[in-house]
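The structure appears right after this line, and notes come after that.
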Amino acid sequence: MAPPIYSALIISLGLGTTMTFASTHWYLAWMGIEINTLAIIPLMSQNHIPRATEASTKYFFAQATASATLLFASISNAFLTGEWDILQTPNTLTSSLITLALAMKIGLAPLHSWMPEVMQGLSLLNGLILSTWQKLAPLYLIYQIQPTNSNIFIILGLLSIIVGGWGGFNQVQLRKILAYSSIAHLGWMILIISFSPPLALLTILIYLLMTFSLFSSFMLTRATHINSLATTWAKIPILTMSTPLILLSLGGLPPLTGFMPKWLILQELTKQDLAPIATLAALSSLFSLYFYLRLSYAMTLTMPPNNPAGTLPWRLNQQHNTTLMALTTTSTICLLPVTPAITALLPL
Amino acid sequence: MLKILLPSILLLPSTWLISPKYLWTTTLSYSLLIASASLMWLAAPAETGWSFLNCLMASDPVSTPLLVLTCWLLPLMILASQNHLMLEPTNRQRTFISLLISLQIFLILAFSATELIMFYIMFEATLIPTLIIITRWGNQMERLNAGTYFLFYTLAGSLPLLIALLLLQNSTGTLSFFTIPYLPLTCSDPWAHKIWWTACLLAFLVKMPLYGAHLWLPKAHVEPPIAGSMVLAAVLLKLGGYGMMRILIILDPISKELSYPFIILALWGVIMTGSICLRQTDLKALIAYSSVSHMGLVAAAILIQTPWAFTGALILMIAHGLTSSALFCLANTNYERTHSRTMLLARGLQTLLPLTAVWWFIATLANLALPPLPNLMGELMIITSLFKWSMWTLILTGLGTLITAGYSLYMFLTTQHGPIPNHLISINPPHSREHLLLTLHLLPLLLLILKPELLWGWSA
Numbered sequence: 001m002a003p004p005i006y007s008a009l010i011i012s013l014g015l016g017t018t019m020t021f022a023s024t025h026w027y028l029a030w031m032g033i034e035i036n037t038l039a040i041i042p043l044m045s046q047n048h049i050p051r052a053t054e055a056s057t058k059y060f061f062a063q064a065t066a067s068a069t070l071l072f073a074s075i076s077n078a079f080l081t082g083e084w085d086i087l088q089t090p091n092t093l094t095s096s097l098i099t100l101a102l103a104m105k106i107g108l109a110p111l112h113s114w115m116p117e118v119m120q121g122l123s124l125l126n127g128l129i130l131s132t133w134q135k136l137a138p139l140y141l142i143y144q145i146q147p148t149n150s151n152i153f154i155i156l157g158l159l160s161i162i163v164g165g166w167g168g169f170n171q172v173q174l175r176k177i178l179a180y181s182s183i184a185h186l187g188w189m190i191l192i193i194s195f196s197p198p199l200a201l202l203t204i205l206i207y208l209l210m211t212f213s214l215f216s217s218f219m220l221t222r223a224t225h226i227n228s229l230a231t232t233w234a235k236i237p238i239l240t241m242s243t244p245l246i247l248l249s250l251g252g253l254p255p256l257t258g259f260m261p262k263w264l265i266l267q268e269l270t271k272q273d274l275a276p277i278a279t280l281a282a283l284s285s286l287f288s289l290y291f292y293l294r295l296s297y298a299m300t301l302t303m304p305p306n307n308p309a310g311t312l313p314w315r316l317n318q319q320h321n322t323t324l325m326a327l328t329t330t331s332t333i334c335l336l337p338v339t340p341a342i343t344a345l346l347p348l
Numbered sequence: 001m002l003k004i005l006l007p008s009i010l011l012l013p014s015t016w017l018i019s020p021k022y023l024w025t026t027t028l029s030y031s032l033l034i035a036s037a038s039l040m041w042l043a044a045p046a047e048t049g050w051s052f053l054n055c056l057m058a059s060d061p062v063s064t065p066l067l068v069l070t071c072w073l074l075p076l077m078i079l080a081s082q083n084h085l086m087l088e089p090t091n092r093q094r095t096f097i098s099l100l101i102s103l104q105i106f107l108i109l110a111f112s113a114t115e116l117i118m119f120y121i122m123f124e125a126t127l128i129p130t131l132i133i134i135t136r137w138g139n140q141m142e143r144l145n146a147g148t149y150f151l152f153y154t155l156a157g158s159l160p161l162l163i164a165l166l167l168l169q170n171s172t173g174t175l176s177f178f179t180i181p182y183l184p185l186t187c188s189d190p191w192a193h194k195i196w197w198t199a200c201l202l203a204f205l206v207k208m209p210l211y212g213a214h215l216w217l218p219k220a221h222v223e224p225p226i227a228g229s230m231v232l233a234a235v236l237l238k239l240g241g242y243g244m245m246r247i248l249i250i251l252d253p254i255s256k257e258l259s260y261p262f263i264i265l266a267l268w269g270v271i272m273t274g275s276i277c278l279r280q281t282d283l284k285a286l287i288a289y290s291s292v293s294h295m296g297l298v299a300a301a302i303l304i305q306t307p308w309a310f311t312g313a314l315i316l317m318i319a320h321g322l323t324s325s326a327l328f329c330l331a332n333t334n335y336e337r338t339h340s341r342t343m344l345l346a347r348g349l350q351t352l353l354p355l356t357a358v359w360w361f362i363a364t365l366a367n368l369a370l371p372p373l374p375n376l377m378g379e380l381m382i383i384t385s386l387f388k389w390s391m392w393t394l395i396l397t398g399l400g401t402l403i404t405a406g407y408s409l410y411m412f413l414t415t416q417h418g419p420i421p422n423h424l425i426s427i428n429p430p431h432s433r434e435h436l437l438l439t440l441h442l443l444p445l446l447l448l449i450l451k452p453e454l455l456w457g458w459s460a
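For the protein sequence lines, the chains are A and B, in the order given.
All residue numbers for the first sequence refer to the UniProt record's numbering, where the first residue is 1 and numbers rise by one.
All residue numbers for the second sequence refer to the UniProt record's numbering, where the first residue is 1 and numbers rise by one.
In structure tokens:
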């Protein structure tokens, strides 16, 4: 893509989310989200392969539906209560409708069906933008709604954790697995957002770190299928040591960083007397751990049948700038002992 | 405490920086040095108090024997793995040793933890290195299934434990071992209290393992290489026992009725797994099921919570750790020579490897709890305390002892006595490394006959 067009699209992407962050009026927030959607559509279909066009079309339909619902709900709220301010959305019906619209925007169950399909058609970089940057604006809006009733969040959260785990069971395509992993992690975020918004912020930050590390690892070896993971040992051996740790961190195993949000969320839920829900969420996350483990098996813990040692692929000196990836990978593995410092900084 | 922990942590960089020529000798000697230094913990004043304290770590008479066993096991694991790893590239050897060392670090932190959440995190942290050892270095295809079973059985048990601990922290404000015995514990709803009680214990019962939740153990003990089997049998199972001993203090008074089904299940498991051992053809599976059997006795003892029972459980845990690990090392000597775990393929070894037959003999006698070995001390105290709890348990425990003797002798007689099979054309003689390994296992066991107070836990 020509550099001016590419930079215009990236800047629009940033502009959209920033507008949503900065707005207090529903119109402006909705506008920011629309700019975001419109900017990423050309980015998704830039390589003009039919699968990418299909993915961007599906993405457009899902996001347009959600945006229209969002606009309708915010206008109804203004009609019923006279309030355009995002922080004051007292009407329960419209705030639930807004929550559902935003849930469809980020791909929470049961409004998640578009996510795996769309992710599968994108390149790994676009998939990364979809799972990380595109989630920020809608989550911020959900954070600001502050409803009185937390039931809808608990249902969305639990369903997402279960669907995110169960849906990924049978997948061999890495991008679909990452989509289901995104659904599951967003489920954890939504679960806690009505009880402790700073914890939701922590969860999304840690999720951003972990997903970035994982996508970067896959981008280095251009892996899109479990089979392609199996030859990582021949291309970049250090990746075979770090990626399973990133995967197990995504699965929430102590002593890796991914355990931190789960632990703090379970603590908050038990403080709110929701221990059975906490147990259900914790046990459902074992589903996703199963397919993360399967990925680790394919990558590191088994040796695939392949060319004998004499004919290994040429390991040419490639120009990989891995600074950021190294930082995020280290954070993904080693950040758990810093939890007291992070929880002290939480009520930001 | 840090005198042992910091050198263990620093073993990791030294593993990666030593030249390949000296890798095994250096790691072995350093870990032996750490193991000898860890014996200082045994010199603590023999009261029920905590010693070697800092804010986060301490040792008391229950955790000290387990800590010393953990530190003792690392040089033994390095010694045992040397042969089968010799042919691998250096970096893989370094990775393997790093996994063993990180396992030791997590185990030291787990056994010396003074706070329940710290214990939980370290309990879970031991899963990752063990998983990698089982699935990466195991030899058969079934190792993947073994790793999955191991991880998921343990996690499914321990996630409810996390929630139970968080609930406890809400009501008591702290989870420190120092203060928990003195806190009043009230729970209004009887059903919630029962579920909370089960959630607290389930993780440890699965880890021990209790008979109904033991399916991961035969897989996870059989598939890994020798170091993995050793650490699993010797120490990781004891994490479950140790956790149970710590947490049962808080769980009264409903433990009196609620522990009935688990005690019965544990005792029934002793007999069932013992009977399975009598019909096993796979040598490592036999030792694995024997571990379930002994741990069933330990589980029953810990659940009845009398002083003799706790003491017996602790003694049996340590003695079984050393014995089981020794038996796995002996099975490994068979495996390295015949590359098969089938017992019938390596019979009559007393004629071929007479010196190893001595070790087989001592290890078998230890397994069937011959006096005056600590195995018998432990089992006897457990059986006595169970008898006091209910006289009918004597049928189950007595039968269990009989079956244990049966399958231990079956194992010994099948592998050692009888004619040499015709297909064994050449068997390498035992290396001095293997003799050293077994000496280091069985000599402490014999020495413990002379000073059993080291293992008595709180009754000392």
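For glycine and all other residues, C-beta sits at the position ideal for the given N, C-alpha and C.
Owing to the predicted nature of the structure, the values given are computational and were not obtained by experimental measurement.
(message) Taking beta-carbon pairs under 8 Å, can you tell me which members of the region 162–179 of chain B lie near chain A?
(response) LEU162, ILE163, LEU166, LEU167, GLN169, ASN170
(message) For a contact defined as C-beta to C-beta under 7 Å, what are the partners of residue 475 of chain B on chain A?
(response) No information on residue 475 of chain B is available, as it lies outside the stretch 1 to 460 that chain B covers here.
(request) May I ask you to report which of helix, strand or coil DSSP gives B/MET208? (result) coil
(request) Less than 8 Å between the CB atoms is what I'm expecting for A/MET115 and A/GLY107, so what's the real figure, rounded? (result) 4 Å
(message) Counting only Cβ pairs nearer than 7 Å, list the residues of chain B close to A/PRO197.
(response) Here the premise fails: no neighbours, minimum Cβ distance about 20 Å.
(request) Say yes only if the C-beta of A/THR330 is nearer than 7 Å to one or more non-hydrogen atoms of the ligand COA, and no if none qualify. (result) Here there are no bound small molecules, and the ligand COA is not part of this structure.
(message) Looking at chain B, is there any beta carbon in it that lies within less than 8 Å of the beta carbon of A/GLY310?
(response) With a pLDDT of 48 at A/GLY310, under the threshold of 50, the modelled position of that residue is not reliable, and no figure is offered here.
(message) With a threshold of 8 Å on Cβ separation, who are the neighbours of B/LEU355 within its own chain once the five nearest residues in sequence on each side are excluded?
(response) PRO430, HIS435
(message) If the criterion is Cβ atoms closer than 8 Å, does the pair A/ALA78 and A/MET104 meet it?
(response) no
(message) Tell me the rounded alpha-carbon separation between B/PRO89 and B/SER171.
(response) 53 Å
(request) Kindly list, in the order they appear in chain B, the residues whose Cβ is closer than 7 Å to that of A/GLN267. (result) LEU166
(message) Please tell me whether B/THR351 has its Cβ less than 8 Å away from any Cβ of chain A.
(response) no
(request) Give the range of the alpha helix (DSSP H) segment to which B/GLU115 is assigned. (result) Element bounds for B/GLU115: n/a, residue is neither H nor E.
(message) Does the CB of B/ILE250 have a neighbour CB from chain A at under 8 Å?
(response) no
(request) Could you name the residues of chain A that B/ALA156 contacts, counting a contact when the two beta carbons are closer than 9 Å? (result) LEU283, LEU286
(request) Determine whether the Cβ of B/ILE287 lies closer than 8 Å to any Cβ atom of chain A. (result) no
(request) Enumerate in chain order the residues of its own chain whose CB-to-CB distance from A/LYS262 is below 6 Å, with the five nearest sequence positions on each side excluded. (result) GLY252
(message) In the DSSP output, which residue or residues are listed as bridge partners for A/HIS225?
(response) A/GLN173
(message) Considering Cα atoms alone, identify which of B/LEU455, B/GLY398, B/ASN332 is closest to B/MET77.
(response) B/ASN332
(request) For B/LEU11, decide whether its Cβ has a neighbour in chain D, counting only Cβ atoms nearer than 8 Å. (result) Chain labels in this structure do not include chain D; the protein chains are A and B.
(request) Would you mind reading off the limits of the alpha helix (DSSP H) that contains A/THR148? (result) Premise fails: A/THR148 is in no alpha helix (DSSP H) and is neither H nor E.
(request) Leaving aside the five residues before and after B/HIS320 along the sequence, list all residues of the same chain whose C-beta is less than 6 Å from its C-beta, in chain order. (result) HIS294
(request) Can you give me the start and stop residues for the alpha helix (DSSP H) that A/THR240 sits inside? (result) 237–250
(request) Flag this pair as touching only if the region 256–274 of chain A and the region 329–345 of chain A have three or more C-beta atom pairs under 8 Å; answer yes or no. (result) yes
(request) Counting only the same chain and skipping the five closest in sequence on each side, list residues whose C-beta sits under 7 Å from that of A/MET19. (result) LEU28, MET31, GLY32, ILE35
(request) Give, in chain order, every unbroken run of the alpha helix (DSSP H) that is at least 4 residues long and sits entirely within the region 76–154 of chain A. (result) 92–106, 114–121, 124–145
(request) Take the Cβ of A/THR17 as the centre, count every other Cβ of all protein chains shown within 10 Å, and call the residue buried at 16 or more, exposed below. (result) buried
(request) Kindly indicate the opening and closing residues of the alpha helix (DSSP H) around B/GLY312. (result) 307–338
(message) Whether or not the region 190–197 of chain A and the region 226–234 of chain A are in contact is what I'm after, with contact meaning three or more pairs of Cβ atoms, one per stretch, closer than 8 Å; do they touch?
(response) no
(message) What are the residues in the region 238–252 of chain A lying within 7 Å of chain B by C-beta distance?
(response) LEU248
(request) Mind checking who B/ASP282 pairs with in its DSSP beta bridge? (result) B/THR342
(request) Tell me B/SER59's beta-bridge partners as DSSP assigns them. (result) B/SER51
(message) For B/PHE412, which residues in the same chain have their Cβ closer than 8 Å to its Cβ, ignoring the five residues on either side in sequence?
(response) TRP360, PHE361, THR364
(request) Per DSSP, which residues does A/HIS25 bridge with? Please list them. (result) A/ASP85
(request) Would you list the residues sitting across from B/SER176 in a DSSP beta bridge? (result) B/GLU115
(message) I'd like to know whether the C-beta of A/ALA39 is nearer than 8 Å to at least one C-beta of chain B.
(response) no
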